[in-house]
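Residue 318 in the working numbering sits at position 180 of the sequence shown, and the numbers go up by one each step. All C-beta atoms in this analysis are idealised placements derived from N, C-alpha and C, irrespective of residue type, glycine included. All figures in this text were calculated on a predicted structure; none of them were measured in a lab.
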Amino acid sequence: MSFMKGDMLTRTRKLVKGLAKAEPVWLKAMERVIRFCPFPEANICTTYGWKKAPPPTFPSPGGKVQKISLPEDVYVQKFFKKHPDSKYRDAIKISSFNPPPARVFGWRVLELKEQGVSEEDAMAVADMEYRAEKKAKKTAYARLKQIARLQGKRPPPNPYPSAIKEIQAEERKHVRARFFDPKILQIVEKMKVEKGANMQERMRGG
C-alpha cells in the first residue's frame with residue numbers, strides 16, 4: 139500500500155489527497171516547517187527550494203507572568219472577609235469537582251447581577267443561601283444522630299465534615315500508631331537506650 143510509505147507527513151498528505159482522511163489542522167503548518175532547510179550551511183538549500191529557517195526568538199527577560207484573575211475573584215475575597223472561618227471549615231479539594239462555597243458565592247452574585255439585581259442585593263441573597271445551606275447540613279446531621287440514638291446504634295460520621303475535622307481524622311491513625319506499630323515501638327526503644335547511655339556518660343563525667 140503506497141499510502142503507508144514515507145514519514146507521517148507524507149502519509150497524511152496522501153490520505154488527504156485521496157479523500158481518505160479529513161485535512162488535520164496541523165498539516166499546513168507542518169508543511170511550512172518542513173520546507174525550511176535542514177542543512178543551512180550547505181549549498182543544497184536552493185537546489186531543492188528549501189528556505190532558511192528564521193532565527194529563534196526568545197521572550198523578553200523583563201516580561202512578568204501576569205496573575206490569572208477570574209470575574210468572581212472580587213466576590214470571593216469579600217466572602218472570606220465576611221466569613222473568615224470558611225477558610226478553615228470549608229475544605230478546598232483540588233481534585234474535587236465540587237467548588238468551595240466562596241467560589242459558589244461569587245458565581246451566584248454574578249448570576250444575579252446578570253439578571254438585573256444590584257450588587258448589594260445580589261451579595262445579600264448569595265449570603266443568605268450560603269447560611270441556609272450551612273444550617274441545613276447541620277440539621278441533617280443532627281437528625282442522623284438522633285435516629286441512630288433511637289435505634290441504639292453508634293452515630294454515623296458527619297457527611298459534611300469541616301476541613302479541620304478531616305485533617306484530624308487523617309492524623310488520628312498516625313497518633314494511635316505510635317502505641318501499636320512495631321516499627322515505631324522499636325524506634326522508641328532505641329531512643330530510650332540512647333538516652334540511658336547519654337545519662338550514664340554524664341554521670342561518669344561528673
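Hey, could you find the ends of the alpha helix (DSSP H) residue i is sitting in?
i       : result
Phe-235 : From DSSP, Phe-235 is part of no alpha helix (DSSP H); its letter is neither H nor E.
Gly-334 : 320-343
Tyr-226 : 224-227
Tyr-213 : 211-220
Is it buried or exposed, residue i, if we count other Cβ atoms within 10 angstroms and call 16 or more buried?
i       : result
Gly-343 : exposed
Pro-239 : buried
Ile-182 : Bear in mind that the predicted position of Ile-182 carries a pLDDT of just 48, short of 50, making it too unreliable to give a figure here.
Tyr-186 : Any answer about Tyr-186 is weak, because its pLDDT of 49 lies below 50 and its placement is not dependable; what the coordinates show is given next. Under this definition Tyr-186 is an exposed residue.
Ala-307 : exposed
Val-214 : buried
Glu-84  : Nothing about residue 84 can be read from this structure; the chain reaches only from 139 to 344.
Ser-224 : buried
For a cutoff of 9 Å on Cβ pairs, would you count residue i as touching chain C?
i       : result
Ile-206 : Although the question refers to chain C, the structure presented lacks it and comprises just one protein chain.
By the three-class DSSP mapping on this structure, what secondary structure does residue i have?
i       : result
Gln-253 : coil
Lys-159 : coil
Ile-285 : helix
Lys-303 : helix
Trp-245 : helix
Kindly list the residues whose CB is nearer than 8 Å to the CB of residue i, restricted to its own chain and excluding five residues on each side of it in sequence; keep chain order.
i       : result
Lys-220 : Asp-265
_Taking contact to mean 3 or more Cβ pairs, one atom from each stretch, closer than 8 Å, check whether the region 295-310 and the region 241-251 are in contact._
No contact exists between the region 295-310 and the region 241-251.
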